[in-house]
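What follows is a set of notes on a single structure, which appears directly below.
In the working numbering, the protein residues as written are 8 to 327.
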């Protein structure tokens with residue numbers, strides 16, 4: 008009897024073990040199939056990257072930084088930036104976060120604040136004449152349309168025009184400058200401060216090449232600003248038609264293909280400052296040079312960099 012039970016146990020064990028293993032295998036296979044379906048459903052329900060947000064960004068070829076393409080030894084600007092205006096991606100930078108006086112590029116912000124407050128046909132009164140620095144020639148008590156004052160400020164960089172805009176603000180020049188600084192904060196220009204609407208006060212006016220490029224990218228989205236800074240020449244007059252001015256843009260680079268603006272600047276402290284925008288293959292490129300010995304030559308070097316070395320690639324990121 009004992010032998011019989013021992014043999015029976017052995018036979019049951021021999022047959023039962025494969026059956027148990029087979030059952031476990033079938034169960035694992037079922038679990039695996041269910042998990043695969045769940046994972047597949049997750050990917051079907053979740054948007055893949057090619058269906059998510061897409062951003063086109065510029066990439067600089069390493070080869071263009073060679074001496075033949077970009078002559079660093081001849082580049083005099085102490086700070087410079089090349090920025091893609093849409094993505095705000097920096098393509099090239101040198102001391103982009105160092106603060107410097109911005110000179111008459113201050114008038115970019117003066118124009119933006121003025122455009123927010125005044126209508127183009129609003130009548131402005133001239134309260135002061137013979138301002139320090141460059142003047143268009145406005146005379147006290149003359150009246151001009153805001154549109155014409157804007158051209159007078161941004162093309163020949165008339166200080167009398169900039170002051171006229173600020174002084175015609177509801178609460179006066181000081182309140183206008185406050186609005187300029189509030190706008191800088193709202194644009195997240197953390198290293199920018201204005202103390203006048205002209206750019207004469209070197210100690211109180213400062214920005215960085217990076218902030219100035221960001222400010223310009225915002226300003227260019229205003230169609231009136233973009234139109235004015237791209238204009239090479241225009242004629243304006245006072246409201247009576249008695250005083251006529253022929254205005255020429257100080258930006259010598261406007262004659263080059265694709266150049267669309269923006270603003271020059273110079274003081275003894277700031278040295279040469281130049282902000283330039285270029286339409287490159289459907290993209291807006293913004294170039295800033297600060298404290299330059301030759302702002303136009305420096306900008307041309309950077310324009311060469313842009314034309315030779317930028318390719319645009321898409322990047323994808325999921326929606327929030």
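Just so it is clear, CB atoms sit at the ideal spot from N, CA and C, and this is done for glycine as well.
Closest by CA to residue i, which one among the options?
{"i": "residue 295", "options": "214, 257, 255 and 232", "result": "214"}
{"i": "residue 287", "options": "314, 299 and 269", "result": "314"}
{"i": "residue 217", "options": "86, 63 and 304", "result": "86"}
{"i": "residue 113", "options": "262, 231, 154 and 160", "result": "160"}
{"i": "residue 279", "options": "302, 292, 264 and 293", "result": "302"}
{"i": "residue 187", "options": "83, 264 and 124", "result": "124"}
{"i": "residue 115", "options": "321, 272, 307 and 306", "result": "272"}
{"i": "residue 93", "options": "83, 308 and 63", "result": "63"}
{"i": "residue 262", "options": "154, 82, 307 and 232", "result": "307"}
For residue i, collect the residues of the same chain with a Cβ closer than 7 Å to its Cβ; drop the 5 residues on either side in sequence, then sort them by chain order.
{"i": "residue 156", "result": "131, 168, 171 and 172"}
{"i": "residue 209", "result": "108, 274, 276 and 277"}
{"i": "residue 141", "result": "163, 164, 165 and 166"}
{"i": "residue 95", "result": "221 and 224"}
{"i": "residue 182", "result": "176"}
Does the distance from the C-beta atom of residue i to that of residue j stay below 9 Å?
{"i": "residue 220", "j": "residue 90", "result": "yes"}
{"i": "residue 152", "j": "residue 177", "result": "no"}
{"i": "residue 117", "j": "residue 230", "result": "no"}
{"i": "residue 245", "j": "residue 149", "result": "yes"}
{"i": "residue 83", "j": "residue 300", "result": "yes"}
Return helix, strand or coil for residue i, following the three-state DSSP convention.
{"i": "residue 166", "result": "helix"}
{"i": "residue 186", "result": "helix"}
{"i": "residue 124", "result": "helix"}
{"i": "residue 321", "result": "strand"}
{"i": "residue 86", "result": "strand"}
{"i": "residue 197", "result": "coil"}
{"i": "residue 116", "result": "helix"}
{"i": "residue 103", "result": "coil"}
{"i": "residue 311", "result": "helix"}
{"i": "residue 145", "result": "coil"}
{"i": "residue 287", "result": "strand"}
{"i": "residue 158", "result": "helix"}
{"i": "residue 259", "result": "helix"}
{"i": "residue 96", "result": "coil"}
{"i": "residue 50", "result": "Residue placement at residue 50 cannot be trusted, given a pLDDT of 40 that sits under 50; what the coordinates show is reported in the next sentence. Three-state result, residue 50: helix."}
{"i": "residue 132", "result": "strand"}
{"i": "residue 238", "result": "coil"}
{"i": "residue 223", "result": "helix"}
{"i": "residue 299", "result": "strand"}
{"i": "residue 217", "result": "helix"}
{"i": "residue 111", "result": "helix"}
{"i": "residue 306", "result": "helix"}
{"i": "residue 208", "result": "coil"}
{"i": "residue 81", "result": "helix"}
{"i": "residue 138", "result": "coil"}
{"i": "residue 231", "result": "helix"}
{"i": "residue 274", "result": "strand"}
Using C-beta distances below 6 Å, list every residue in its chain close to residue i, excluding the 5 sequence neighbours before and after it, in chain order.
{"i": "residue 256", "result": "162 and 239"}
{"i": "residue 97", "result": "90"}
{"i": "residue 268", "result": "236, 237 and 284"}
{"i": "residue 266", "result": "260 and 285"}
{"i": "residue 292", "result": "285 and 313"}
{"i": "residue 191", "result": "199"}
Please report the distance separating the alpha-carbon of residue i from that of residue j.
{"i": "residue 227", "j": "residue 107", "result": "22 Å"}
{"i": "residue 248", "j": "residue 319", "result": "49 Å"}
{"i": "residue 282", "j": "residue 143", "result": "21 Å"}
{"i": "residue 289", "j": "residue 270", "result": "21 Å"}
{"i": "residue 122", "j": "residue 166", "result": "17 Å"}
{"i": "residue 129", "j": "residue 120", "result": "14 Å"}
{"i": "residue 7", "j": "residue 158", "result": "It is not possible to answer for residue 7, since the shown part of the chain is limited to 8 through 327."}
{"i": "residue 164", "j": "residue 135", "result": "16 Å"}
{"i": "residue 99", "j": "residue 207", "result": "28 Å"}
{"i": "residue 234", "j": "residue 241", "result": "12 Å"}
{"i": "residue 193", "j": "residue 304", "result": "33 Å"}
{"i": "residue 138", "j": "residue 310", "result": "34 Å"}
{"i": "residue 251", "j": "residue 146", "result": "12 Å"}
{"i": "residue 211", "j": "residue 298", "result": "16 Å"}
{"i": "residue 201", "j": "residue 184", "result": "7 Å"}
{"i": "residue 243", "j": "residue 258", "result": "19 Å"}
{"i": "residue 133", "j": "residue 179", "result": "13 Å"}
{"i": "residue 105", "j": "residue 321", "result": "31 Å"}
{"i": "residue 81", "j": "residue 317", "result": "21 Å"}
{"i": "residue 197", "j": "residue 254", "result": "34 Å"}
{"i": "residue 189", "j": "residue 154", "result": "23 Å"}
{"i": "residue 232", "j": "residue 88", "result": "21 Å"}
Leaving out five residues on either side along the sequence, give the residues of the same chain with a beta carbon under 8 Å from the beta carbon of residue i.
{"i": "residue 195", "result": "221"}
{"i": "residue 264", "result": "none"}
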